[in-house]
Amino acid sequence: VNANKLSSLPTIDMSLYKYRPLSSLSSHLPSILPASVAMAVSVEIFLKLCFLFCLVATSSGQLSPSFYSQTCPTLQTIVGLTMRTTLLLDPRMGASLLRLFFHDCFVNFHVFPQGCDASVLLDDTATFTGEKNAGPNANSLRGFGVIDTIKTTVELVCPGTVSCADILALAARDGVALVSVLATSLSPSLCLLCSYTRQLRLRIGSRRLRLLFFFFSLAIRLQYDDRLYQDSSKAMRPIPVKFSGGWRGKQSLVQYDSFGVDGLGGPSWTVALGRRDATTASQSAANSNLPGPGSSLSQLIAAFATKGLNARDMTALSGAHTIGQARCVNFRSHIYNDANVDVGFASQRQRNCPSSGGDNNLAPLDVQTANTFDNAYYRNLIAVRGLLHSDQELFNNGTQDALVQQYSTNAPAFAADFAAAMVKMGNISPLTGSSGEIRSNCRRVN
Numbered sequence: 001v002n003a004n005k006l007s008s009l010p011t012i013d014m015s016l017y018k019y020r021p022l023s024s025l026s027s028h029l030p031s032i033l034p035a036s037v038a039m040a041v042s043v044e045i046f047l048k049l050c051f052l053f054c055l056v057a058t059s060s061g062q063l064s065p066s067f068y069s070q071t072c073p074t075l076q077t078i079v080g081l082t083m084r085t086t087l088l089l090d091p092r093m094g095a096s097l098l099r100l101f102f103h104d105c106f107v108n109f110h111v112f113p114q115g116c117d118a119s120v121l122l123d124d125t126a127t128f129t130g131e132k133n134a135g136p137n138a139n140s141l142r143g144f145g146v147i148d149t150i151k152t153t154v155e156l157v158c159p160g161t162v163s164c165a166d167i168l169a170l171a172a173r174d175g176v177a178l179v180s181v182l183a184t185s186l187s188p189s190l191c192l193l194c195s196y197t198r199q200l201r202l203r204i205g206s207r208r209l210r211l212l213f214f215f216f217s218l219a220i221r222l223q224y225d226d227r228l229y230q231d232s233s234k235a236m237r238p239i240p241v242k243f244s245g246g247w248r249g250k251q252s253l254v255q256y257d258s259f260g261v262d263g264l265g266g267p268s269w270t271v272a273l274g275r276r277d278a279t280t281a282s283q284s285a286a287n288s289n290l291p292g293p294g295s296s297l298s299q300l301i302a303a304f305a306t307k308g309l310n311a312r313d314m315t316a317l318s319g320a321h322t323i324g325q326a327r328c329v330n331f332r333s334h335i336y337n338d339a340n341v342d343v344g345f346a347s348q349r350q351r352n353c354p355s356s357g358g359d360n361n362l363a364p365l366d367v368q369t370a371n372t373f374d375n376a377y378y379r380n381l382i383a384v385r386g387l388l389h390s391d392q393e394l395f396n397n398g399t400q401d402a403l404v405q406q407y408s409t410n411a412p413a414f415a416a417d418f419a420a421a422m423v424k425m426g427n428i429s430p431l432t433g434s435s436g437e438i439r440s441n442c443r444r445v446n
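With UniProt numbering applied, the sequence shown covers 1 to 446.
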């Protein structure tokens, strides 16, 4: 380092800031340490923190939407086709995969944090207890079979190339973009094909059957795309978005300006790819990292802040509760004990959620439009009809009230903020480069 260049830099008076210079850290170390040793320890801590910051920043920087453009160009087509078929058979799966992705990204448990790494997909082994049976996940996480189906197909086309972490990120995106597009009317022949495919899915147990399932998906894709084009005049300003490696001369309408209008799907976003898969998992980390349904506003803001997400991100991402369902055990306390809940709404929910028993009974998180990704969730909060305690905390005379009001009347603003927050969440400390591995089976390490 050129000493002359360093000496020319301006001097910063650190007394003007709440953070003290490194030299002052020595006063907080045990007094039995010599000053020189204490200073050395302080410098070491500082260098480690710098290394950690650089590692995280570099990891995020290595992700790219075109990561598989040469090695697996049909990846996004495979994911999109499978998600279309899946949502026709089970409309709830869009919400389930979105939640699965969130629970994957939010769990860090190493000295150097790793987030969106598919650790949530790992089964328990003799050497670690995974995240599937952690308190926030047990008996509630769904979608593992969908990821398995996508992974099996991808491995046949691009073996040893695509990570489970990237597949989960893409499936979550497509689950949001398509969740209510598939509620449009379908031709009788397509419905018959869906019925047959549903029966086939129940018997899938081999690669041959998974391939057959995939080709039935292609047929559904073709018929469904034709139906979308026939009905596209009813939509308001549709934006055609072409899946990478999609059909020649065809495009799929998966993103719309008129967000949440006329039964259309939710927002879409570009997914940066290049994540690698974790080789271990931690149940205790899942228990400690994931915010619960009884969280207060301050707890929610703090939990998201530790992942680099601000309060606006948190409020936008909470809008994912515009789809999906919750178990009685997670909202019972709110509808029986909290004061900030509409009496009629609480009474309605209590019919299916008794004060004792019925823990696994389900209720829609958004009672207005349970299968449509829109901004009705925020209108519910203003009407004091949030299902979870943590939902209603967003609109309870707190710092997020104004933003909730904005989202409740401005669907495009919510759509834009949600998509941006999903991109940020997908960049939480991914494993890249030579870290981790590319699993051949998403449920176990290689």
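C-beta: ideal position from N, C-alpha, C; glycine also.
- Between residue 121 and residue 443 a beta carbon distance of about 6 Å is seen, short of the 8 Å cut, so the two are scored as contacting.
- Residue 402 has its alpha-carbon roughly 36 Å from the corresponding atom of residue 284.
- Contact annotation, residue 365 with residue 321: C-beta distance approximately 4 Å; criterion of less than 8 Å satisfied.
- Only buried fits residue 429, as 16 or more other CB atoms lie within 10 angstroms of its CB.
- 97 is the residue among 78, 71, 97 and 275 whose C-alpha sits nearest the C-alpha of residue 325.
- Minimum Cα-Cα distance from residue 116 among the listed residues 357, 432, 397 and 89 corresponds to 432.
- Closest by C-alpha distance to residue 329, out of 356, 134 and 404, is 356.
- The bridge partners DSSP lists for residue 362 are 327.
- Here residue 161 is near residue 438, since their CB atoms are less than 8 Å apart.
- When the beta-carbon positions are compared, residue 374 and residue 411 come within less than 8 Å of each other.
- Judged by DSSP in its simplified three-state form, residue 277 adopts strand.
- Residue environment analysis places residue 400 among the buried positions, since at least 16 neighbouring C-beta atoms fall within 10 angstroms of its C-beta.
- Around the beta carbon of residue 70, fewer than 16 other beta carbons sit within 10 angstroms, so the residue counts as exposed.
- Of the candidates 151, 168, 125 and 175, 175 places its Cα closest to the Cα of residue 84.
- Assigned with DSSP and collapsed to three states, residue 131 falls in coil, not helix or strand.
- Using a Cβ-Cβ distance cut-off of 8 Å, the segment 287-294 and the segment 133-143 are in contact, since at least three pairs of beta carbons, one from each stretch, lie closer than that value.
- One Cα belongs to residue 343, the other to residue 384, and the distance between them is close to 9 Å.
- Within its own chain, the residues whose Cβ lies closer than 7 Å to the Cβ of residue 335, once the five positions on either side in sequence are excluded, are 341, 346, 349, 350 and 353, listed in chain order.
- Between the alpha carbons of residue 282 and residue 108 lies a distance of about 9 Å.
- In the DSSP assignment, residue 408 falls within the alpha helix (DSSP H) that extends over 401-409.
- Under the three-state reduction of DSSP, residue 155 is assigned to helix.
- Take the alpha-carbon of residue 131 and the one of residue 139: they are about 12 Å apart.
- Look at residue 268 here: in three-state DSSP terms it is coil, with no helix or strand label.
- As computed with DSSP, residue 347 is found in no beta bridge at all.
- For the pair residue 169 and residue 424, the Cα-to-Cα distance works out to about 12 Å.
- Bridge partners of residue 437 according to DSSP: 277.
- When secondary structure is reduced to three states using DSSP, residue 290 falls in the coil class, being assigned neither helix nor strand.
- Between the C-alpha atoms of residue 90 and residue 105 there is a straight-line separation of about 24 Å.
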